[in-house]
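Participant: Questions regarding the structure given below will be posed in turn.
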Amino acid sequence: MEEWRRNIWRRILEEFRRVEAEISRMEDEFFRLMREAEERSGCITPLYNVYESGDEVRLTADLPGASKEEIGLIAGEDYLRIEAPCRSPLRGGEGRRYVLHVRLPAKIDPQSVKARYKEGVLEVVARKKITGYRIRIE
Amino acid sequence: MSEAEEISIVEVEPIQGRDLIFIEGFPDVGLVGAIATSYIVDRLEMREAGYIDAELLPPLISVRNEQIKELIRIYYRDRIVAIVSDIPIPPPMIRPLSQSLVNWIKRKNGKLLISVSGIPEPNRLDIEKPEIYVLGSRPEITEMLVRLNGANRFKDGFIAGIKGMLLRDAVRAGLDAAIILAQAHYNYPDPGAAGQVVSYLSKFLGIEIDVKPLLESAEELRLRLRDLMMRTDQVMRGIQKSKELELPPVYL
Numbered sequence: 101m102e103e104w105r106r107n108i109w110r111r112i113l114e115e116f117r118r119v120e121a122e123i124s125r126m127e128d129e130f131f132r133l134m135r136e137a138e139e140r141s142g143c144i145t146p147l148y149n150v151y152e153s154g155d156e157v158r159l160t161a162d163l164p165g166a167s168k169e170e171i172g173l174i175a176g177e178d179y180l181r182i183e184a185p186c187r188s189p190l191r192g193g194e195g196r197r198y199v200l201h202v203r204l205p206a207k208i209d210p211q212s213v214k215a216r217y218k219e220g221v222l223e224v225v226a227r228k229k230i231t232g233y234r235i236r237i238e
Numbered sequence: 121m122s123e124a125e126e127i128s129i130v131e132v133e134p135i136q137g138r139d140l141i142f143i144e145g146f147p148d149v150g151l152v153g154a155i156a157t158s159y160i161v162d163r164l165e166m167r168e169a170g171y172i173d174a175e176l177l178p179p180l181i182s183v184r185n186e187q188i189k190e191l192i193r194i195y196y197r198d199r200i201v202a203i204v205s206d207i208p209i210p211p212p213m214i215r216p217l218s219q220s221l222v223n224w225i226k227r228k229n230g231k232l233l234i235s236v237s238g239i240p241e242p243n244r245l246d247i248e249k250p251e252i253y254v255l256g257s258r259p260e261i262t263e264m265l266v267r268l269n270g271a272n273r274f275k276d277g278f279i280a281g282i283k284g285m286l287l288r289d290a291v292r293a294g295l296d297a298a299i300i301l302a303q304a305h306y307n308y309p310d311p312g313a314a315g316q317v318v319s320y321l322s323k324f325l326g327i328e329i330d331v332k333p334l335l336e337s338a339e340e341l342r343l344r345l346r347d348l349m350m351r352t353d354q355v356m357r358g359i360q361k362s363k364e365l366e367l368p369p370v371y372l
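Chains A and B are the protein sequences, given in the same order. Once you know that position 67 of the first sequence is 167 in this note's numbering, the rest is easy, because the numbers rise by one and skip nothing. Once you know that position 247 of the second sequence is 367 in this note's numbering, the rest is easy, because the numbers rise by one and skip nothing.
Structural data, given as structure tokens:
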């Protein structure tokens, strides 16, 4: 391959590596900030997922070591808040709490919210709030 | 430098014997492979016999009980070789690692390479006892695995990441390989699913492994593995792991 072509490829590869390193640095920063915040506050942010379908918003959160009776769940129009003591006897785990505050991708009807806690996973299902005018199709 | 040369597989104790069975549990869906393989290593009191190093690994060491540990360790006992990793495999390392591992196992005349993993199941919450799915590098292997204890066939789908590459490279190299998957939470550590795989493997290997202690410590394990799960989730996003929820296109 000609010298100038090799140089271009080398520069492109270098740029890729630089971008990759930058992304990895940002990810690491995210983990560090989350970890430090947890250590300072004594709260654990649980792993969670939010799913949005046509008429529902569903959230699951991994809360091992919590108990159904002690989970506090607050539903707002556009957020869910979960708090629960974590009873797992882990290193530094005593007296810790799970706290999760999630802004939802769509407005929900807070009175429609249903929740269950099964084998350490909390599942919250809410109906989307639909406001608008029905339009007749011509 | 060829791809395979970037990876070094180091035996601290010689790993040799006839009919060796290799089990890898690199972290991915639900950390099923990682939990199951580490549990087997622990229960069978396997010896640490080597490690895998690579330029592509982050400059990290594990320290456990004041002991310095490699990130990717190889354990050995009798005819079983187990590979466990403290971190998810960085995407640029997946292809060279897969090739090196397959070449290494081939040189050892390995009988079978088993990948252990989870199959993402959106309805996991409603499943008491996760099902096992199997796929072999040859139909005969799949057949043998299915007949054992009523496992399901992995018929259509995608397998992303190191597990998929290992199967592909094994097929290319003519090495017998298989993947054993349990229905699992996608990005929550799933010791229940891992327990199912361990039970299955214990039958396959003809070795008694009690899964009760694993299930009893499930809660604690899930909390302790939260960090690894988060890191693994991050890596899974980079390798289209969610593709496993899809089916390959069919045009006819």
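Glycine is no exception: its CB is placed at the ideal position from the N, C-alpha and C atoms. It should be emphasised that the depicted structure is a prediction, and the values quoted were computed from it without experimental measurement.
Taking Cβ-Cβ distances shorter than 7 Å, what residues in chain A pair up with B/Arg346?
Facilitator: Along the second sequence, one-based indexing puts residue 346 of chain B at 226. In chain order: Leu147.
Participant: Skipping 5 residues on each side, what residues in its chain have a beta carbon closer than 8 Å to that of A/Val150?
Facilitator: The count along the first sequence starts at 1 and reaches residue 150 of chain A at position 50. These residues qualify, in order along the chain: Val157, Arg158, Leu159, Val202, Leu204 and Pro205.
Participant: Would you check if there are 3 or more beta carbon pairs closer than 8 Å linking the stretch 209-225 of chain A to the stretch 150-170 of chain B?
Facilitator: The stretch 209-225 of chain A is not in contact with the stretch 150-170 of chain B.
Participant: Could you run through the stretch 301-316 of chain B and flag, in chain order, every residue whose CB is less than 9 Å away from some CB of chain A?
Facilitator: The residues in question are His305, Tyr306, Asn307, Tyr308, Pro309 and Gly312.
Participant: With respect to the beta strand (DSSP E) encompassing A/Arg197, which residues constitute its N-terminal and C-terminal limits?
Facilitator: Counting from one through the first sequence, the residue named residue 197 of chain A turns up at place 97. Segment Arg197 to Arg203, the beta strand (DSSP E) holding A/Arg197.
Participant: Using a Cβ cut-off of 8 Å, which residues of the stretch 357-371 of chain B contact any Cβ in chain A, in chain order?
Facilitator: So nothing in the stretch comes that close.
Participant: On the criterion of 16 or more Cβ atoms from any shown chain inside 10 Å, does A/Thr231 qualify as buried, or is it exposed?
Facilitator: In the first sequence, counting from the first residue as 1, residue 231 of chain A sits at position 131. Per the 10 Å Cβ criterion, exposed.
Participant: For B/Asn272, list the residues DSSP reports as bridge partners.
Facilitator: The residue given as residue 272 of chain B occupies position 152 in the second sequence. Answer is B/Tyr253, bridged to B/Asn272.
Participant: B/Ser182 lies in the beta strand (DSSP E); which residues open and close that run?
Facilitator: Translated into positions along the second sequence, residue 182 of chain B becomes position 62. Note, B/Ser182: beta strand (DSSP E), Ser182 to Arg184.
Participant: Mind the definition here: the stretch 172-183 of chain B touches the stretch 234-252 of chain B only if three or more C-beta pairs lie below 8 Å; say whether that holds.
Facilitator: With a cut-off of 8 Å, the stretch 234-252 of chain B and the stretch 172-183 of chain B do not count as touching, because too few Cβ pairs lie within range.
Participant: Using the rule of at least 16 other Cβ atoms within 10 Å of the residue's Cβ for burial, across every protein chain shown, is A/Leu147 buried or exposed?
Facilitator: Taking the first sequence and counting its residues from 1, the one referred to as residue 147 of chain A is at position 47. When all chains shown are included, A/Leu147 counts as buried.
Participant: Rounded to the nearest angstrom, what separates B/Ala169 and B/Ala202 at their Cα positions?
Facilitator: Here the question's residue 169 of chain B lines up with position 49 in the second sequence. Here the question's residue 202 of chain B lines up with position 82 in the second sequence. Roughly 10 Å separates the two Cα atoms.
Participant: In chain order, what residues of the same chain lie with their CB nearer than 8 Å to the CB of B/Lys363, ignoring the 5 residues before and after it?
Facilitator: As a first step, residue 363 of chain B must be located in the second sequence, where it is residue number 243. Hits under 8 Å: Phe278 and Ala280.
Participant: Quick check: is the beta carbon of A/Val199 nearer than 9 Å to any beta carbon in chain B?
Facilitator: Translated into the one-based positions of the first sequence, residue 199 of chain A becomes position 99. Chain B, which has no Cβ nearer than 9 Å to the Cβ of A/Val199, makes this no.
Participant: Using a cut-off of 7 Å between C-beta atoms, extract the partners of A/Pro164 located in chain B.
Facilitator: The residue given as residue 164 of chain A occupies position 64 in the first sequence. Ordered by position in chain B, the residues that pass the 7 Å Cβ test against A/Pro164 are Glu339, Arg342 and Leu343.
Participant: Is it true that the CB of B/Val331 sits closer than 9 Å to the CB of B/Tyr159?
Facilitator: Stepping through the second sequence from its first residue, residue 159 of chain B is reached at position 39. Stepping through the second sequence from its first residue, residue 331 of chain B is reached at position 211. Closer than 9 Å, so yes.
Participant: Between the stretch 286-293 of chain B and the stretch 125-132 of chain B, do at least 3 Cβ pairs fall closer than 8 Å?
Facilitator: At 8 Å Cβ cutoff, the stretches do not touch.
Participant: Could you name the residues of the stretch 203-232 of chain A whose beta carbon sits closer than 9 Å to any beta carbon of chain B, in the order they occur along the chain?
Facilitator: For the stretch 203-232 of chain A, which is checked against every Cβ of chain B, the residues closer than 9 Å are Arg216, Lys218, Glu219, Gly220, Val221 and Glu223.
Participant: Can you tell me whether A/Ala149 is helix, strand or coil according to DSSP?
Facilitator: As a first step, residue 149 of chain A must be located in the first sequence, where it is residue number 49. According to the sequence shown, residue 149 of chain A is Asn rather than Ala. If DSSP states are grouped into helix, strand and coil, A/Asn149 belongs with the strands.
Participant: Can you give the Cα-Cα distance for B/Leu341 and B/Arg351, rounded to whole angstroms?
Facilitator: Numbered from 1 along the second sequence, position 221 holds the residue referred to as residue 341 of chain B. Numbered from 1 along the second sequence, position 231 holds the residue referred to as residue 351 of chain B. Each residue's Cα considered, the two are about 16 Å apart.
Participant: Under 9 Å between beta-carbons, which chain A residues line up against B/Leu245? List them in chain order, please.
Facilitator: The residue given as residue 245 of chain B occupies position 125 in the second sequence. Correct list: Thr160, Arg216, Lys218, Glu219, Val221 and Glu223.
Participant: By the DSSP assignment, the alpha helix (DSSP H) with A/Glu122 in it spans what residues?
Facilitator: Counting from 1 along the first sequence, the entry for residue 122 of chain A is found at position 22. Run containing A/Glu122: Glu103 to Ser141, per the alpha helix (DSSP H) assignment.
Participant: Can you find a C-beta in chain A that's less than 9 Å from the C-beta of B/Pro179?
Facilitator: For this step, residue 179 of chain B is matched to residue 59 along the second sequence. With 9 Å as the cut-off, B/Pro179 does not count as an interface residue toward chain A.
Participant: Is the CB of B/Asp353 under 9 Å away from at least one CB in chain D?
Facilitator: In the displayed structure, chain D is absent; the protein chains listed are A and B.
Participant: DSSP has B/Arg199 in a bridge; who is on the other side?
Facilitator: Numbered from its first residue, the second sequence carries residue 199 of chain B at position 79. Note: B/Arg199 sits in no beta bridge, so no partner.
Participant: Check whether the Cβ atoms of B/Pro147 and B/Leu348 lie closer than 9 Å to each other.
Facilitator: If you number the second sequence from 1, residue 147 of chain B lands on position 27. If you number the second sequence from 1, residue 348 of chain B lands on position 228. Yes, the Cβ-Cβ distance between B/Pro147 and B/Leu348 is below 9 Å.
Participant: Using 8 Å as the threshold, is the stretch 124-136 of chain A in touch with the stretch 166-184 of chain A, meaning 3 or more CB pairs across them?
Facilitator: Short answer: they don't touch.
Participant: Excluding the 5 residues flanking A/Val199 on each side, which residues of the same chain have their C-beta closer than 6 Å to its C-beta?
Facilitator: Translated into the one-based positions of the first sequence, residue 199 of chain A becomes position 99. Same-chain partners within the cutoff: Cys143 and Glu183.
Participant: Could you pull the DSSP bridge partners for A/Leu173 from this structure?
Facilitator: Position 73 of the first sequence holds residue 173 of chain A. DSSP, once it has assigned bridges, lists A/Ile182 as partnering A/Leu173.
Participant: Where does B/Gly270 land, buried or exposed, given buried means 16+ other C-beta within 10 angstroms?
Facilitator: Position 150 of the second sequence, counting from 1, holds the residue named residue 270 of chain B. It counts as exposed.
Participant: May I ask you to verify whether the stretch 299-312 of chain B touches the stretch 249-264 of chain B, counting CB pairs closer than 8 Å and requiring at least 3?
Facilitator: Yes, they touch.
Participant: To the nearest whole angstrom, what separates the beta carbons of A/Pro185 and B/Glu339, a pair I think is in contact under 8 Å?
Facilitator: Looking up residue 185 of chain A in the first sequence gives position 85. Looking up residue 339 of chain B in the second sequence gives position 219. About 14 Å; that fails the 8 Å criterion.
Participant: Using the C-alpha atoms, what's the distance from B/Leu372 back to B/Ser235?
Facilitator: In the second sequence, the residue the question calls residue 235 of chain B occupies position 115. In the second sequence, the residue the question calls residue 372 of chain B occupies position 252. Those two C-alpha atoms are separated by around 32 Å.
Participant: Going by other Cβ atoms of all chains shown within 10 Å of its Cβ, with 16 needed for buried, is A/Ile235 buried or exposed?
Facilitator: For this step, residue 235 of chain A is matched to residue 135 along the first sequence. That one is exposed.
Participant: The beta strand (DSSP E) with A/Leu222 in it runs from where to where?
Facilitator: One-based indexing of the first sequence puts residue 222 of chain A at position 122. A/Leu222 -> beta strand (DSSP E) spans Val221 to Arg227.
Participant: Do B/Asp310 and B/Ile192 have their C-beta atoms within less than 9 Å of each other?
Facilitator: In the second sequence, counting from the first residue as 1, residue 310 of chain B sits at position 190. In the second sequence, counting from the first residue as 1, residue 192 of chain B sits at position 72. No, they are not a contact pair.
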